[in-house]
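J.: Here it is, the structure, as structure tokens.
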Amino acid sequence: MSILLTGGTGYIGSHTAVELLNAGFDVILFDNLSNSEEEVVDKIEKITGKRPLFVKGDVCNQKDLANVFADAKNQGNPIEAVIHFAGYKAVGESVEKPLMYYDNNLVGAIRLLEEMKKANCNCLIFSSSATVYGEENIAPFTEDMKIGGCTNPYGQTKFMIEQILKDAAFADKELSIVALRYFNPIGAHSSGLLSEQPKGIPNNLMPYIVQVAKGKLPQLNVFGNDYPTKDGTGERDYIHVVDLATGHLAALKYALNHKGIEAINLGTGKATSVLEVVSAYEKATGIKIKYEIKPRRPGDIAVSYADAGKAKSLLGWTAQYNVEDACRDSNKAK
Ligand code: NAD
Ligand code: UD1
415 MSILLTGGTG YIGSHTAVEL LNAGFDVILF DNLSNSEEEV VDKIEKITGK RPLFVKGDVC
475 NQKDLANVFA DAKNQGNPIE AVIHFAGYKA VGESVEKPLM YYDNNLVGAI RLLEEMKKAN
535 CNCLIFSSSA TVYGEENIAP FTEDMKIGGC TNPYGQTKFM IEQILKDAAF ADKELSIVAL
595 RYFNPIGAHS SGLLSEQPKG IPNNLMPYIV QVAKGKLPQL NVFGNDYPTK DGTGERDYIH
655 VVDLATGHLA ALKYALNHKG IEAINLGTGK ATSVLEVVSA YEKATGIKIK YEIKPRRPGD
715 IAVSYADAGK AKSLLGWTAQ YNVEDACRDS NKAK
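Quick note on numbering: the sequence shown equals residues 415 to 748 in this note's numbering.
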């Protein structure tokens, strides 16, 4: 049975490919390489001993998508399910270039749904985000909370795609869709071969700390220490990317045997402060992380963490790694 991973050479897609191959699925990576490199395919093969098929293509391009479904069918291994990672994800860039974000993320999702239907493929796992919980809800976030009110176009695309998927599943009872709401993915594969490769100066906490640890940046700027949290710094639910990948495997197995749509949080259920992440990194690596307290970053909320109960009850999945594990693995990555 083959599974199509759009955005499959990216950070989360590549880690998920490893878990799917190890579980015996045939994997097709479909990516336009706008934010990843084709050499990821070699690295996945090195880790798993199996080579996924790579197809260069764009999810906004109907022909590219039609071809990938047709080729798989002609080779006697039709695509049974799609995990849709492809999209743009930089929050700041989405504020500067909203049309580019709405175009790529929304059009890509719609084209994909259309081509899946034509190919009689009814099973979809979608990369959503905890950002859909917006600013009004109070953590721990549960899947039945009202979503929306995101502060940036990137977050809005996730909210809007979830709505599109809900409407599509209502209209077509054959569809089986799981929208996975990721909390804060961090870490890397323990081989050191796969990792997140942000272009330029990172915005997110963990890649920033990695660059401080490697001497590429002088210090970490901690955005605010006056939040109503345990030590005044922001608290997040950091989830190891390998846990996230096994969460996709569990969601895929669920979706292949159900119909309808579910939104499911992928988080650990634990909140960790910025200063706790700094300590965990120092403990895991022995490297001192220099930091300075700075003003709050606009758009940040004080606390975000998941209620991870639905993933456990519906998928039988819970996170296995902690923040220290993720720090150790992030530090290993080249
Ligand atoms: P990534 O940028 O590493 O991977 C996304 C991949 O999609 C890239 O390889 C890119 O080249 C590809 N892509 C982009 N537009 C495309 C298009 N039109 N056609 C084909 N390929 C295209 O990002 P990631 O961190 O692996 O994230 C994967 C998904 O998870 C994204 O949808 C992202 O929004 C979502 N997500 C990520 C995070 C996070 O913190 N990393 C958190 C929540 C949700
Ligand atoms: C950010 C995005 C969110 C996106 C997620 C992807 C914003 C406002 N939110 O979430 O939409 O889904 O990334 O993982 O951009 N911090 C510092 N110094 C830094 C960087 C971060 O102190 O240099 C702090 C932040 O204030 C926050 C925590 O670290 O408290 C985590 O930040 P980050 O990794 O950027 O993730 P989020 O803000 O949760």
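Where a beta carbon is used, it is the ideal one built from N, C-alpha and C, also for glycine.
At a cut of 8 Å, does the segment 451–462 reach the segment 481–493 through at least three beta carbon pairs?
T.: With a cut-off of 8 Å, the segment 481–493 and the segment 451–462 do not count as touching, because too few Cβ pairs lie within range.
J.: Could you check which residue in Ala694, Gln611 and Leu658 has the C-alpha nearest to that of Ala725?
T.: For the purposes of this step, residue 725 is taken as residue 311 along the sequence shown, with counting starting at 1. Closest option to Ala725, Cα to Cα, is Leu658.
J.: Leaving out the 5 sequence neighbours to the left and right, which residues in its chain are closer than 7 Å to Thr647 when beta-carbon positions are compared?
T.: Residue numbering aside, residue 647 sits at position 233 when the sequence shown is read from its first letter. The answer, listed in chain order, is Val636, Gly638, Asn639, Tyr641, Ser687, Val688 and Leu689.
J.: Looking only at DSSP bridge pairs, what is Pro599 linked to?
T.: The residue given as residue 599 occupies position 185 in the sequence shown. Its beta-bridge partners are Ile653.
J.: Just curious, the alpha helix (DSSP H) that His429 is in, first and last residue?
T.: Within the sequence shown, numbered from 1, the residue matching residue 429 stands at position 15. Residues Tyr425 to Asn436.
J.: What's the gap between the Cα of Leu479 and the Cα of Gly471?
T.: Sequence index remark: in the sequence shown, residue 479 carries index 65 (1-based). Sequence index remark: in the sequence shown, residue 471 carries index 57 (1-based). Looking at the two C-alpha atoms, the distance is approximately 7 Å.
J.: At which residues does the beta strand (DSSP E) containing Gly569 begin and terminate?
T.: Translated into the one-based positions of the sequence shown, residue 569 becomes position 155. First-last for Gly569: Pro567 to Ala585, but that is the alpha helix (DSSP H), not the beta strand (DSSP E).
J.: Any heavy atom of ligand 1 within a distance shorter than 7 Å of the CB on Lys503?
T.: The count along the sequence shown starts at 1 and reaches residue 503 at position 89. Answer for Lys503: yes, Cβ within range of ligand 1.
J.: Give, in chain order, every unbroken run of the alpha helix (DSSP H) that is at least 4 residues long and sits entirely within the segment 673–715.
T.: Correct list: 688–699.
J.: Counting only the same chain and skipping the five closest in sequence on each side, list residues whose C-beta sits under 7 Å from that of Ala582.
T.: In the sequence shown, the residue the question calls residue 582 occupies position 168. Answer for Ala582: Leu527 and Leu589, listed in chain order.
J.: What residue range is occupied by the uninterrupted alpha helix (DSSP H) comprising Cys537?
T.: Position 123 of the sequence shown, counting from 1, holds the residue named residue 537. Taken as a continuous stretch (DSSP letters only), Cys537 belongs to no alpha helix (DSSP H), being part of the beta strand (DSSP E) at Cys537 to Ser543.
J.: Considering Asn488, what are the terminal residues of the beta strand (DSSP E) in which it resides?
T.: Walking along the sequence shown from the start, residue 488 turns up at place 74. Segment Gln476 to Asn488 is the alpha helix (DSSP H) holding Asn488; no beta strand (DSSP E) there.
J.: Bridge partners for Thr420 per DSSP, in chain order?
T.: Reading the sequence shown from its first residue, position 6 is the one you call residue 420. Thr420 is bridged to Phe444 and His498.
J.: Arg742 to Lys697, Cα distance in whole Å?
T.: Start at 1 with the first residue of the sequence shown, and residue 742 comes out as number 328. Start at 1 with the first residue of the sequence shown, and residue 697 comes out as number 283. Rounded to whole angstroms, Arg742 to Lys697 spans 9 Å at the Cα level.
J.: With a threshold of 7 Å (Cβ to nearest heavy atom), would Pro466 be considered close to ligand 2?
T.: To locate residue 466, count along the sequence shown from 1; it is residue 52. No, since every heavy atom of ligand 2 falls outside the 7 Å radius drawn around the Cβ of Pro466.
J.: By alpha-carbon positions, which one of Lys560, Ala495, Asn519 and Glu494 ends up nearest to Val505?
T.: For this step, residue 505 is matched to residue 91 along the sequence shown. Considering only alpha carbons, the answer is Asn519.
J.: Is Phe637 near ligand 4, with its Cβ less than 7 Å from a heavy atom?
T.: Absence of ligand 4 from the depicted structure is noted, with ligand 1 and ligand 2 being the only ligands included.
J.: What is the rounded straight-line gap between the Cα of Val469 and the Cα of Asp645?
T.: Within the sequence shown, numbered from 1, the residue matching residue 469 stands at position 55. Within the sequence shown, numbered from 1, the residue matching residue 645 stands at position 231. Cα to Cα, the separation comes out at about 47 Å.
J.: Once the 5 residues before and after Ala544 are set aside, which same chain residues still bring their CB inside 8 Å of it?
T.: Residue mapping note: residue 544 aligns to position 130 of the sequence shown, counting from 1. Here the set comprises Phe555, Arg595, Tyr596, Phe597, Asn598, Asp651, Asn679, Gly681, Ser718 and Ala720.
J.: So for Lys470, helix, strand or coil by DSSP?
T.: Here residue 470 is taken as the residue at index 56 of the sequence shown, counted from 1. Looking at Lys470 - three-state DSSP - the assignment turns out to be strand.
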